[in-house]
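So the structure is just underneath, and the comments pick up after that.
Number of protein chains: 2
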Amino acid sequence: MAKYVYFFGDGKAEGNGKMKDELGGKGAGLAEMTNAGLPVPPGFTISTEACREYFRLGGKVSKEVEEQTRENLNKLEQLQGHKLGGADNPLLVSVRSGAKFSMPGMMDTILNLGLNDKTVEGLARLTGNPRFAYDSYRRLIQMYGSVVLEIPKSSFEHVFDGKKKQRKVKLDTDLTAKDLQEVIAEYKKVVKKAVGKEFPQEAYEQLQGARDAVFRSWFNDRAKHYRRLNGISDEIGTAVNVQAMVFGNMGENSGTGVGFTRNPATGEREFYGEFLMNAQGEDVVAGIRTPVHISELHKLLPDVYNQLRDITSRLEKHYRDMQDFEFTIQDGRLYMLQTRNGKRTGRAALKVSMDMVEEGLINKEEAIFRVDANQIYELLFPRFDPKALKSVDPLAKGLPASPGAAVGQVVFTAEAAVKWHQAKKGAVMLVRGETTPEDIRGMEVAAGILTSRGGMTSHAAVVTRGMGKCCVAGASSIEVDEHKKELRIGKKVFKEGDWLSIDGSTGNVYGGQLATVPADPNDPMLVEFMSWAEPHRKLGVRANADIPRDAKAARAFGAEGIGLCRTEHMFFGEGKIEHMRAMILADDEKSRRAALKKLLPLQRKDFAGIFEVMDGFPVTIRTLDPPLHEFLPQREQLMVDVERLQLAKGSEKRKVAADIKKRYADYGITEIKGLQTLLRRVQDLHELNPMLGLRGCRLGILYPEITEMQVRAIFEAAVLVAKKGKKVKPEIMIPLVGTPKELALQKEIVERVAREVLGDNKQKIEYLVGTMIELPRAALVAGEIAQEAQFFSFGTNDLTQTTYGFSRDDIGKILPVYLEQGVLKKDPFATLDQTGVGKLVQMATEAGRKTRPDLKVGICGEHGGDPASVEFCFKTGLNYVSCSPYRVITARLAAAQAGLAAASAGKAAEAGRTV
Amino acid sequence: MAKYVYFFGDGKAEGNGKMKDELGGKGAGLAEMTNAGLPVPPGFTISTEACREYFRLGGKVSKEVEEQTRENLNKLEQLQGHKLGGADNPLLVSVRSGAKFSMPGMMDTILNLGLNDKTVEGLARLTGNPRFAYDSYRRLIQMYGSVVLEIPKSSFEHVFDGKKKQRKVKLDTDLTAKDLQEVIAEYKKVVKKAVGKEFPQEAYEQLQGARDAVFRSWFNDRAKHYRRLNGISDEIGTAVNVQAMVFGNMGENSGTGVGFTRNPATGEREFYGEFLMNAQGEDVVAGIRTPVHISELHKLLPDVYNQLRDITSRLEKHYRDMQDFEFTIQDGRLYMLQTRNGKRTGRAALKVSMDMVEEGLINKEEAIFRVDANQIYELLFPRFDPKALKSVDPLAKGLPASPGAAVGQVVFTAEAAVKWHQAKKGAVMLVRGETTPEDIRGMEVAAGILTSRGGMTSHAAVVTRGMGKCCVAGASSIEVDEHKKELRIGKKVFKEGDWLSIDGSTGNVYGGQLATVPADPNDPMLVEFMSWAEPHRKLGVRANADIPRDAKAARAFGAEGIGLCRTEHMFFGEGKIEHMRAMILADDEKSRRAALKKLLPLQRKDFAGIFEVMDGFPVTIRTLDPPLHEFLPQREQLMVDVERLQLAKGSEKRKVAADIKKRYADYGITEIKGLQTLLRRVQDLHELNPMLGLRGCRLGILYPEITEMQVRAIFEAAVLVAKKGKKVKPEIMIPLVGTPKELALQKEIVERVAREVLGDNKQKIEYLVGTMIELPRAALVAGEIAQEAQFFSFGTNDLTQTTYGFSRDDIGKILPVYLEQGVLKKDPFATLDQTGVGKLVQMATEAGRKTRPDLKVGICGEHGGDPASVEFCFKTGLNYVSCSPYRVITARLAAAQAGLAAASAGKAAEAGRTV
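From first to last, the protein sequence lines stand for chains A and B. In terms of numbering that gives the first Met the number 0, the first sequence opens at residue 0 and continues consecutively. In terms of numbering that gives the first Met the number 0, the second sequence opens at residue 0 and continues consecutively.
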């Protein structure tokens, strides 16, 4: 019979720390700690396989799992000498979820399980504390009622608040044992009314219900959303940990806490944690009471404190990584409830891994893998401009829960955050008393999070650190009135939409919009860490940059060239867009050429700036790509304006005319005829599916004079810069090619103009002509295209659009449902779809190199800055990836990690071969 | 040295009839006729290779070609005993183009070459006919001037018309020899003025110029357009035929004519042709004078007539196909100028090939290939309803030049035809005095062509027969005033836009719009011919049909099932669209379901109708595919209407309100609020690229209740029809699948609903669930998709759109340029792109069958009715193609031809192996 349930207790566990797949992170940690002889309340873990089976069976537990649950419960009862549901000396257990990957607060927990009308009396007698016993029982009914029986929490809160009102008390703790007995009676009525059955008095039935509810919680909305956000598969399932209860709320010698072996925000080597005396576990994490710093424990219970320090430092050595732990003190005795590798900020990850190398805990190669390439990006977050800071005083100070500087408009609910985000109203700052897992969506879209309650390990703090998002938590001097939508700090009142700035590295809160400055790419720690990683990188990294400023940033971050310079961005802006519009509205080639002639010197200047910055590095310049209507006014607006101008009368007419004169000032339009003519041209250019329309090289083939002007600007700029003694390496890239002939036609122009310009200037400039592979057909006929192309650059944004048939602009409605239903594992525009789009990349690379062995191959879609995609590009044999300047370090690290992993795998294979 | 020039003459030719690749059709025919001992004026053919080389060298003739031209000219001079440019007894030659494929009137011809100021005198003396000599010379200058020197024809016409005016004569023939001498002097001035050089007096220089001009004419607009229309490659080039002149205009014993060995419109075995006495060659073909029926020649020159009949019937036997020939009679002596396989209508192709089998000229298998699968389609053209014909009298009668019935609105120029077509103003009838090659674009878009001049071999007649388009030519009783835009028939006057009906099978012309009826699919000739072809067909043929009427037609044409039933078409129409709209505008699932409930019985009825018609045959039903906004009012219109309703004042306001009330009657909207709400919903559904948006299975996954309703309607209909004793075979097709999971999710619904409906009715119905492969990704992961799919149907319309990145709706501006520039050889939406899209089809078929060896694979895009694509599908191993009902016979014949060709190739290989 397959083993589904694993026992731990009495210094011995059936599982161990490596069995995260089977036992989940928490279960594996409990087994490992038990085996290490640490004080862990005994219990058993029902495996993730049992969970998967539960869903396979359509929401039913198999006979085997049921049997093994009972057997292990018996074993636990024997070990503890109590019986679950035993009237005199009842065993109480907690039931907790625990998946392979930590999902803080995402799934449901039930405590105090085993209490019923009889055992509650036994507990009261045993502890001599009836109030504690009744409080535990009413908590059980409440948790069980909402989690297992799915009764709205408010039904219970209504009863509880009613009782407090009746007794005219404010705090929960002011209710007496008798009051709580009455609450229990009411709670039971609530249950009966809601589900038509009594609250289960049978303790094992409670256990079954709780276990199955934990299984089911795997697919609740919060859990699914969290997995989606973190790229965790729906298929792995959660384990269920059943553990003998220990009570942190049994009196003044009891308590509960959480901590880290190092500072998870900075990585500093400091014992770091928080606790609450006389409190139950979840109170700390949920952020309802602001807990006390761990150092205070030393004063209260020095022995326990020393034991905890000793245990946790052993755990860190054991796991060779910073630990995040939970503990409970029951009547002066320490119990460890959880240990796991702690979540940390990018900066902390860097610091911890580098310190651990120094400490001899890990080697440099291990250190390289310890830093998530996505997270290192955080080190490049902007900080507040020191000059700006000088002139302002903080309004308040909270905990520096997650570093960075954030500026946003205040909103008070997650829903509001999402709404503002969707309406594109600019950055928002989510301000809450505390955050709960329900707030995840709002946190995702907020620039920063500010809470008035909760500590460094509160929900807000943990989740934002995982997201790499700025957070100030527990700023207790601020007052958040979510009802009135007001944030009060001293005498100042902030309403929804007011600007606020927070510094997640200091905990300072400022009014208004503070100026930020970019991070320092020469951060010494970062520079050293990258110097360890770089030798392992075999894949080139370039940046996408359209202007000299971005190119400068890219070089600072270590980019080895420009992989994509989008020339259309150069056409916007004053003094340029007018000529572009004149070009588009021209009736014939002659007037088109006249307009282009005016654009030529402007483009030349832009190119020269970039060439200068990139001295010695290649610069890939893409010819005009977007459809022309993007440069003109919106068609719908024009249609409405024509109508308005025709219908408006009297004073209304003057208003409309003024309005229109202003809107179309660039076109010098004042009356209806001009507007109608413009509308006609815009209608001419209108396309039903512009993504699949007249753009890319299609433009250059229909209007060769555009390509001609652009190429002339490139080469004239190249000559200018080369004459200054700099090395210029232009790589001209023709977009949206689907057939070899398209490239050949455009290449003809490039080569002719290059000959003309270089010949006139008697200048030799080496250049390449290549193409973007961004249509499936291009990938399919890549072998033929390579006859014309000296390089390929995969435009994986467009390639994903056409391969999947998804418009990037329109996927918004589909994506959430598709992720939820498991149709997509990840957003294919964020992480390359290796099965489909990746197959085309592979095919095209192979076919292209077969035709032209020295074909240079890169990628310039958004995927170039995504670590998983970078690894794929390395494995596929690409020469380089190109990404936005701020992602260059991420790409460099991801490439180094991929190179190192491959080398290690190679060594392993080598070793295998010699055996 | 490579051979570029091939001599023919004196009963012997260096080439032969099989060398069409090298000599072009005309050159090969001349060689073959010469070898057969027929009276052919001697000459030589400069090969197509010389033409290709000319373009490779950037528009220059190589030394080899020049040398061989000179050598062959010498040979011709020796044979004829005249010298080109010889003053006394000059050799005159014609220079004609001739590509592998006949391109009537597409390229330029020059006659009378060799005439100059001296030789013209020699010719005058020799023929004793100075007028003839001077007329020939002025024609040469005119042709050479316009074709070689590119001087506008009008410059010459101006001189010529001026002379006629001066002489106060109407007819060309009224000008005297002296007049013509003056015209010549003027013409030479025109040349000098236009090109700055004298008209070349050196005869060999004339020949060089003419030869090169013919080469260049390969790329003139008419020729390119014709090739594009007929799928002829730009790369094959044209040959140049230089031939000793014979004159049909040397007097009353001279003449020229063209003919066919059988009737090219009906295929009847009748000697068929036209001639003009005392006329030069091109006069007949150009349709300027209406020629005389060939039988008249028997009366005039019985010997020549008999000789011609004898020769042409020998030619037909020799070539084993109907011949199209040209001849000239010079002073009573017959010369053959050309023979080639004659173009014919679909009906004639059928009749000729079947008759030839009966005559023992060819066998049945050859006969099958003699009919173009595209052309057989013409047999299914509608005819006028016999009932309608009873009540009207024809207004005029012309020649039945190309069969069929056409109804259209009169236009008088090709440009107008194109304009009306682009503006989607409905069918047009192009009415011209005569057509010229410049009219091709207009002829293409017209429903039919009516001319007042020209015979059965006029430009209009030949070209329309090739296009399969209805034409009545030479209706001499009608008066076409292109200037006034009037067609006068007796007292009736038709203006642009008036309706006209013509019968290309009888030559009758009717006023107004006559009713048509579909063709008879049981045409006995067609049935017999198809009975020869069918045994060779291994590929299934189905039809795309959405309504019972189309399904009925499909079965009549031999479809073996429905390959695509588009359910969305069922949602349009009164009593349906309202519910569909209510469904789309519903705020929640509940109201959506309520609307769907009303659609259910309507869909069920439609499905039942189709199942009944298709008794025993499979019916592939696609679930809802298009984006929902297609069912709602246009967004732009709504925006404008909202603006109008807000701005209009007073009486204007009442008008606008009434207008809006009417337009949105379906929505019961009368005031601004309702309109704004509707606009908001439409805005919600708006997508930037709807082709890549929320459609296909994405709809069914976001709104499973839609799929549920549709599947319920299918199975309830199936049960209904099955209970009547009919065999129902539903194949449910899920559109726009890109991942296996999408199909799995929709399949779950199909299977659940099927279980429910069939279970409730205790009915067993076999059904399949499959998918359209219409996204590149689907093709790339076809192996995994096949785990879920029982069949694939390639939706090659969408697959072409995404593979190429071409929106079918927006390609209009790009396609003409791309065809012209040679980027595309054919419209990829008409003929499957085998290199790119076809590669995906192959990959997917292979991968799908690997997973599921019995996977049924078909194609249901427009390509299913295109012969070349059908052949590709057969070779790729598809099970069937599906096309529109009227293309079923085309697909059946194309499939039979492909099967037969493969079997022959197989036999040949087999034979090869035994050797």
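Just so you know, even glycine gets a beta-carbon here, dropped at the ideal spot from N, CA and C. None of these values were measured; they are calculated from a predicted model.
Inset, instruction - Give a yes or no on whether the minimum CB-CB distance between A:Lys722 and chain B is below 7 Å. - result: Residue-level contact by beta carbon fails for A:Lys722 and chain B, as no gap is shorter than 7 Å.
Legend entry - Beta-carbon proximity check, A:Leu72 vs A:His81, cutoff 7 Å: no
Inset, instruction - Give the single residue among B:Val182, B:Lys874 and B:Val4 whose Cα lies nearest to the Cα of B:Ala894. - result: Residue B:Lys874 is the option with its Cα nearest to B:Ala894.
Legend entry - Enclosing alpha helix (DSSP H) for B:Gly539 [first to last residue]: Looking at the DSSP string, B:Gly539 is not in any alpha helix (DSSP H); the run it does join, the beta strand (DSSP E), is Gly539 to Asn543.
Inset, instruction - Note down, one range per segment and in chain order, each beta strand (DSSP E) of at least 3 residues found wholly within the region 374-439 of chain A. - result: Whole beta strand (DSSP E) segments, 3+ residues: 398-401, 404-410 and 427-431.
Legend entry - CA nearest to the CA of B:Lys491, picked from B:Ser476, B:Val158, B:Ser590 and B:His482: B:Ser476
Legend entry - Cutoff 7 Å: A:Asn688 Cβ touching any chain B Cβ: Yes, its Cβ sits closer than 7 Å to a Cβ of chain B.
Legend entry - B:Cys882 and B:Gly905 closer than 7 Å at C-beta: No Cβ-Cβ contact shorter than 7 Å links B:Cys882 with B:Gly905.
Inset, instruction - Specify, as a first and last residue, the run of the alpha helix (DSSP H) that B:Pro918 falls within. - result: Coverage of chain B is limited to positions 0 through 914, which leaves residue 918 of chain B absent and any answer about it impossible.
Legend entry - Three-state class that DSSP yields for B:Leu931 in the structure shown: It is not possible to answer for residue 931 of chain B, since the shown part of chain B is limited to 0 through 914.
Legend entry - A:Val639 at chain B interface by Cβ criterion, 7 Å: yes
Inset, instruction - Would you please state the rounded distance, in angstroms, between the beta carbons of A:Pro146 and A:Ala212? I believe it to be under 8 Å. - result: In the sequence under discussion, the amino acid at residue 146 of chain A is Val, which differs from the Pro named in the question. Indeed, because the Cβ distance is near 5 Å, the residues count as touching under 8 Å.
Inset, instruction - Note the first and the last residue of the continuous alpha helix (DSSP H) segment covering A:Arg261. - result: A:Arg261 -> no alpha helix (DSSP H), and no H or E assigned at all.
Legend entry - Where A:Arg697 meets chain B, residues with beta-carbon distance less than 7 Å: Ile813
Legend entry - At least 3 beta-carbon pairs within less than 8 Å: the region 5-12 of chain A vs the region 40-60 of chain A: yes
Legend entry - Residue interval of the alpha helix (DSSP H) (run including B:Ile183): In this chain, the alpha helix (DSSP H) harbouring B:Ile183 covers Ala176 to Val194.
Legend entry - When B:Tyr143, B:Thr795 and B:Ala594 are compared against B:Arg197, the one with the closest alpha-carbon: The sequence given here places Glu at residue 197 of chain B; Arg does not occur at that position. Of the candidates B:Tyr143, B:Thr795 and B:Ala594, the one whose C-alpha sits nearest the C-alpha of B:Glu197 is B:Tyr143.
Inset, instruction - Please confirm if B:Phe805 has its CB atom under 7 Å from at least one CB of chain A. - result: yes
Inset, instruction - Under 7 Å between beta-carbons, which chain A residues line up against B:Pro775? List them in chain order, please. - result: Chain order gives the chain A residues near B:Pro775 as Pro775, Thr801 and Thr802, where near means a beta carbon separation below 7 Å.
Legend entry - Limits of the unbroken alpha helix (DSSP H) element including B:Cys872: That run of the alpha helix (DSSP H) goes Pro866 to Thr875.
Inset, instruction - Consider the Cβ of A:Asp808: report whether some Cβ of chain B lies at a distance smaller than 7 Å. - result: Interface residue, yes.
Inset, instruction - Report the neighbours of B:Glu642 on chain A: residues whose CB is nearer than 7 Å to its CB, in chain order. - result: B:Glu642 reaches chain A at Val639, Glu642 and Arg643, counting residues in chain order whose Cβ is nearer than 7 Å.
Inset, instruction - For the region 815-836 of chain A, enumerate the residues whose C-beta is nearer than 8 Å to any C-beta of chain B, in chain order. - result: Val816, Tyr817, Gln820, Gly821, Val822, Leu823, Asp832, Thr834, Gly835 and Val836
Inset, instruction - Indicate whether at least one CB of chain B lies closer than 7 Å to the CB of A:Leu627. - result: no
Legend entry - Complete runs of the beta strand (DSSP E) confined to the region 615-674 of chain A [at least 3 residues]: Here the runs fully enclosed are 617-621.
Legend entry - Residue burial classification, A:Arg679 (beta-carbon count within 10 angstroms, cutoff 16): exposed
Legend entry - Short Cβ contact (7 Å threshold) for A:Pro290 with A:Leu314: no
Legend entry - Three CB pairs or more closer than 8 Å across the region 684-694 of chain B and the region 622-630 of chain B: Yes, the region 684-694 of chain B is in contact with the region 622-630 of chain B.
Legend entry - Between the CA atoms of A:Pro399 and A:Glu747 - distance to the nearest angstrom: Straight-line spacing of the CA atoms in A:Glu747 and A:Pro399 works out to 59 Å.
Legend entry - Beta-carbon proximity check, B:Ala712 vs B:Phe606, cutoff 7 Å: yes
Inset, instruction - Could you confirm whether any beta carbon from chain A is found closer than 7 Å to the beta carbon of B:Glu567? - result: no
Legend entry - Test item: CB-CB of A:Val752 and A:Val710 under 7 Å: yes
Inset, instruction - Let me know if B:Lys342 comes out buried or exposed under the rule of 16 or more other beta-carbons within 10 Å of its beta-carbon. - result: Buried is the label assigned to B:Lys342, since at least 16 other Cβ atoms lie within 10 Å of its Cβ.
Inset, instruction - Select from B:Glu201, B:Asp173, B:Asn240 and B:Lys191 the residue whose C-alpha is nearest the C-alpha of B:Ala49. - result: B:Asn240
Legend entry - Neighbour-count burial assignment, B:Val914, 16 or more Cβ in a 10 Å radius: Any answer about B:Val914 is weak, because its pLDDT of 41 lies below 50 and its placement is not dependable; what the coordinates show is given next. When all chains shown are included, B:Val914 counts as exposed.
Inset, instruction - Pick helix, strand or coil for B:His292, following the three-state DSSP scheme. - result: strand
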